[in-house]
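Some notes on the structure that comes next.
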Amino acid sequence: MNLGISALRYVEEVKNGSFTIEEFISKTVEQIKKHDGKLHAYLSFDDHVIEQARNLDRKIANKEKIGSCFGMPISIKDNICVKGGKTTCASKMLENFVAPYDATVVLKLKSEDVIIIGKTNLDEFAMGISTEFSAYGTSHNPWNTDYVPGGSSGGSAVSVSAFECIASLGSDTGGSVRNPASFCSVVGFKPTYGLISRYGLISYANSIEQIGPLTRTVEDTAFFLNIISGFDPNDDTTIDNKNEDYLSNIDAGVEGKKIGIIKEMVGQGTDKEVVSATNNAIKKFEELGAKIEEISLDMIDYSVASYYTITSTEAGSNLARYDNLRYGYDFPLEGYEFNSYISKARKNFGPEVTRRMILGGFVPSAGYAGKYFLKALKVKKKLTDEINEAFKKIDFLIAPTVPVLPFKIGEKIDDPVALFLLDFNTVIANLTGKPAISVPFEISNGLPIGIQLIANSMQDKPLLQAAYALQNTVKLPEVPI
Amino acid sequence: MTKIGLEIHCQLTNLESKLFCSCKANYRGFEPNANICPVCIGLPGSLPRLNKKAVEKATMIAMSLNCNTPDKLAFFRKNYFYPDLPKNFQITQLNVYGEHSIGQNGTILVDDKEIRIRRIQLEEDPGRLIYEGISEKTQITLVDYNRAGTPLVEIVTEPDFENERQVRLFLNILSDLLDNLDVSNPSLEGAMRADGNISIEGGNKVEIKNVNSFHDLEKALHFEITRQESLISRDIPIEQETRHWDDKRKITVSARIKEGEEDYRYFLEGDIPWITIDSQTLNKLKADMPESISSKKERYITKQIPAQVAEVLSSDKFCSDLFELAHNESNAIVIANLITTDLMGLVDTDEKREKSKLTHQHLTDLANSIETKEITRTSAKTALQECVATGLPVSEIISTLDLGHISDESELNKIIDEIFIQEPNTVEQTKTNPETINYLIGKVMEKTKGKADPTLTLNIINKKLS
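Structural data, given as structure tokens:
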């Protein structure tokens, strides 16, 4: 039995009777026992997965109807609520928070009979790109355990990459699905803003973030998107996608499509291996019949500054509720006036969250909002106008997902600005609400490189078709674990 | 010149659910923290979902106050820490980045003076803090989130009031208006709260907060005017400040913290998309709006109902609703009188109105009985009391209580003869003072328990005297 199969293949094999769900789940649990001590993809586990698998096997034996996921083992980033278990956001502030409800995406997956193996590690409250800011220890990249797996959905990427589940759900505020997908050589997708319900996703920067799948193949991403996308009465920002089928015609190809290469994303500050991989990807697209042209976006130099100003402002507000009154960690109230209590209680936020909360208290404050926050919103608006203009002429944008190769654990942790700048290629899709995907493309000296494609709003399906075409041009080695 | 401006908070108590979730909008009567859900207590991962009905009802209020209603509405976050605020921010509205609140620039006539409405906004009510313990040292604070998320409409006026009398009149008009729109029950505790700001000639603006009822606001304003006038008269400057109303001592006291320095870091609430109110929606809302109090009043006057009665009747939704169903062209005046002179006294509280078993049919039947002279106007009052208490049909009440009219001439003759014998002095006096006849009629009514036909009685008495 191969644990590294795709979701679609898994469904086929269970249907064919190649193995039982229990066999697959047991073997997955063994794999986790063997490797997760080192990799630390997971923060918590569901203790009843074998029972769930047996129940589903019984249903199959009795010829009862079961959901389209056939008990497939998946993992969920620990900032998405799963009823009854802990949802910590990898923070001490939510150490003991047990969500009394399922996120909409979790409900939808459960109704298709997935088995949720456990909750995965992340940078605290999804702020970071390496999982080094998790309050519960960093995750390790299965391709080389001295290296970071990327982030913030690092645990999710590791769990998929190291065969500790078949697929995972992460969240992407500025690249948090695509970045670790690129670093761990899996597919990572951020949909059009509003395509997937955020109900049950613990907000960090709610106006730009989305839940997205991390999978082994582009087809698997389409398969999960079919399940979790669409209007949700619990999230007023969701879009009715009329039950679009993202899997049908996935092999439509890219012949005649126009692909724009963003000049600024293959220039200074990009590793030479990454530039070379990008050029190879462009060549592959040309061979497939696509037309390539270079484009430039004036506002792009301000995008990271705008991104951090907006996300910090929203984070300062979204995280204000963690005052330790209704949930949190053990901390006595006695003897404090409310405001001094708040500042004391909030000492349990980690360094990156603290940094952004302080920033978030400053940039939108009276006297400074005009200089920072309102300007950041202007950049966002102009960038959106520019990219909309570009999409009148082209179908997709191409760029490396991350400008650099995975880096060593501890290498950049003391340089927050350097870490911020690594978001340069990914934040643009969040600021403009566009769908974007990272496709595994090369392994350079044992370290993965992903290629990012961006499409116009609601062009998620053509985007997946292009990503599928690119994926099929490469054959990558197996993860060395 | 004294200038007073108001900030009124009014809960939309008649809505089914809260502003952003499906918990009850009317939280009263629940055990503490029993009317809550992940959304209204701001649990991690929960998102607000806007109650469209609240937007519609608030827009109706704005239209009733002659406000401009923008075609695009937005919500903002007001960030501050307070234990009764589950998310540590309040979802509210703001006009700083363009006019996107429910309504602005309205006017309302109060005693022939035009009061300008600056802005109307829709927001969520916080929870409630309950303090227990005797001294400040032993005091504990309990938080009840049942109220958190209740739809709240804030109405801000320009400083157009000159005295507390105008304020009271305005608040009465406003609370009748909200009741008439069927959006709120202003008599529920805490459903309507008002803060005021006030300045007098030569002084700075003082804000008064923490006022829990309209009645207290009037007292607080009165206290403030007196306080400020006495300071001015002694050449002591009036500082710009916020003062709290001390309910126990009935005075205002300076708030210790300067609230003007608070920075709320307002920004757009991304979880609630912009709301477009197109002209079609607006027209539909206009069409759905209940008839206004002034329009009702005018209509009643055309039915020959005296202006004062029409005013009283139209301002009271409970009574005007009854009137609408009970009256026809011929009995309108009788029914209006029955309601305003008799019924209103019988049902002068919400509780009594709820308990009342009176239906509009009772009023129609009573008016008929009066017109056909089956009962007298005085008996009608007795019957009305019975209707309210028992809800039995009017015919049954008349026969059980023996309220039938005495219009039998021989029977009345007999009664009047008896009274003439008992009251020889009065009979004598009528010769010099005709007014005394009323006393004799009164005696007849007393004896017949109000059932005697008044016209017939007078005729008989006059005949006997002449």
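Residue numbers (our numbering), protein chains in the order written: chain A, 1 to 481; chain B, 1 to 466. Ideal placement from N, C-alpha and C gives every residue a C-beta, glycine not left out.
Asked	Found
In chain B, which residues lie less than 8 angstroms from A:N121 when you measure between Cβ atoms?	Within 8 angstroms Cβ-Cβ: nothing; A:N121 doesn't reach chain B, min ~17 angstroms.
Can you list the residues of chain A that B:K209 reaches, using a CB-CB cut of under 9 angstroms?	Correct list: empty, because the minimum Cβ distance to chain A is about 18 angstroms.
Taking a contact to mean a Cβ-Cβ separation below 8 angstroms, would you say B:S356 touches B:V388 in this structure?	yes
What are the residues that DSSP puts in a beta bridge with B:P237?	According to DSSP, which records beta bridges pairwise, B:P237 is partnered with nothing at all.
Considering just the uninterrupted stretch of the alpha helix (DSSP H) at B:M60, what are its terminal residues?	K52 to S64
Would you say B:C10 and B:V211 are within 8 angstroms of each other, going by their C-beta atoms?	no
At which residues does the beta strand (DSSP E) containing A:Q459 begin and terminate?	From DSSP, A:Q459 is part of no beta strand (DSSP E); its letter is neither H nor E.
According to DSSP, is A:T473 helix, strand or coil?	coil
Check whether the Cβ atoms of A:P191 and A:A157 sit closer than 8 angstroms, and answer yes or no.	no
Does the segment 357-367 of chain B touch the segment 328-343 of chain B, meaning 3 or more C-beta pairs lie closer than 8 angstroms?	yes
Any chance you could list the alpha helix (DSSP H) runs of at least 4 consecutive residues sitting entirely within the segment 150-227 of chain A, in chain order?	154-161 and 178-184
Any beta carbon of chain A sitting closer than 8 angstroms to that of B:I41?	yes
Use the C-beta contact count for A:G37: other C-beta atoms within 10 angstroms, 16 or more gives buried, fewer gives exposed.	exposed
Using 10 angstroms around the beta-carbon of B:Q422, count the other beta-carbons present and answer buried if the total reaches 16, otherwise exposed.	exposed
When burial is assigned at 16 or more other CB atoms within 10 Å of the CB, is A:E334 buried or exposed?	exposed
Under 7 angstroms between beta-carbons, which chain A residues line up against B:P38? List them in chain order, please.	P100 and Y101
By Cβ distance, which residues of its chain are closer than 7 angstroms to A:N243, with the 5 residues on each side in sequence left out?	G230
Got a sec, what are the start and stop residues for the alpha helix (DSSP H) B:D125 sits in?	Taken as a continuous stretch (DSSP letters only), B:D125 belongs to no alpha helix (DSSP H), as it is neither H nor E.
Using a Cβ distance threshold of 8 angstroms, determine whether the segment 90-97 of chain A contacts the segment 45-65 of chain B, with at least three qualifying pairs required.	no
For B:N438, which three-state DSSP category applies?	helix
If we ignore side chains and look at the alpha-carbon of each, how far apart do B:K443 and B:N462 end up?	15 angstroms
Could you say if the segment 285-297 of chain B and the segment 385-393 of chain A meet the contact criterion of at least three C-beta pairs nearer than 8 angstroms?	no
Would you kindly report the start and end of the unbroken beta strand (DSSP E) that includes A:Y341?	Taken as a continuous stretch (DSSP letters only), A:Y341 belongs to no beta strand (DSSP E), being part of the alpha helix (DSSP H) at F338 to A345.
Which value, in whole angstroms, describes the spacing of the CA atoms of A:I342 and A:V98?	22 angstroms
Is the CB-CB distance between A:A436 and A:R216 below 8 angstroms?	no
Is any beta-carbon of chain B found at less than 8 angstroms from that of A:T215?	no
Using 8 angstroms as the threshold, is the segment 136-154 of chain B in touch with the segment 32-43 of chain B, meaning 3 or more CB pairs across them?	yes
Taking CB distances under 8 angstroms as the criterion, tell me whether B:L122 reaches chain A.	no
Spell out the partners DSSP gives B:D195 in its beta bridges.	B:E7
For the segment 443-455 of chain A and the segment 394-405 of chain A, state whether three or more C-beta atom pairs, one from each stretch, are separated by less than 8 angstroms.	yes
So that I know if they touch, is there some Cβ in chain A lying closer than 8 angstroms to that of B:F474?	The first residue shown for chain B is 1 and the last is 466, placing residue 474 of chain B beyond what the model contains.
Let me make sure I understand the geometry here. Which of B:K431, B:E428, B:T455 and B:Q429 has the alpha-carbon closest to that of B:I472?	Residue 472 of chain B lies beyond the range of chain B shown here (1 to 466); nothing can be said about it.
Extract the residue ranges of the beta strand (DSSP E) inside the segment 276-314 of chain A, only unbroken runs of 3 or more that lie entirely within it.	291-295
Can you pull the chain B neighbours of A:G200, defined as C-beta to C-beta under 7 angstroms?	G45
Within 8 angstroms of any Cβ in chain A, is that where the Cβ of B:P273 sits?	yes
Does DSSP put B:A310 in a helix, in a strand, or in coil?	helix
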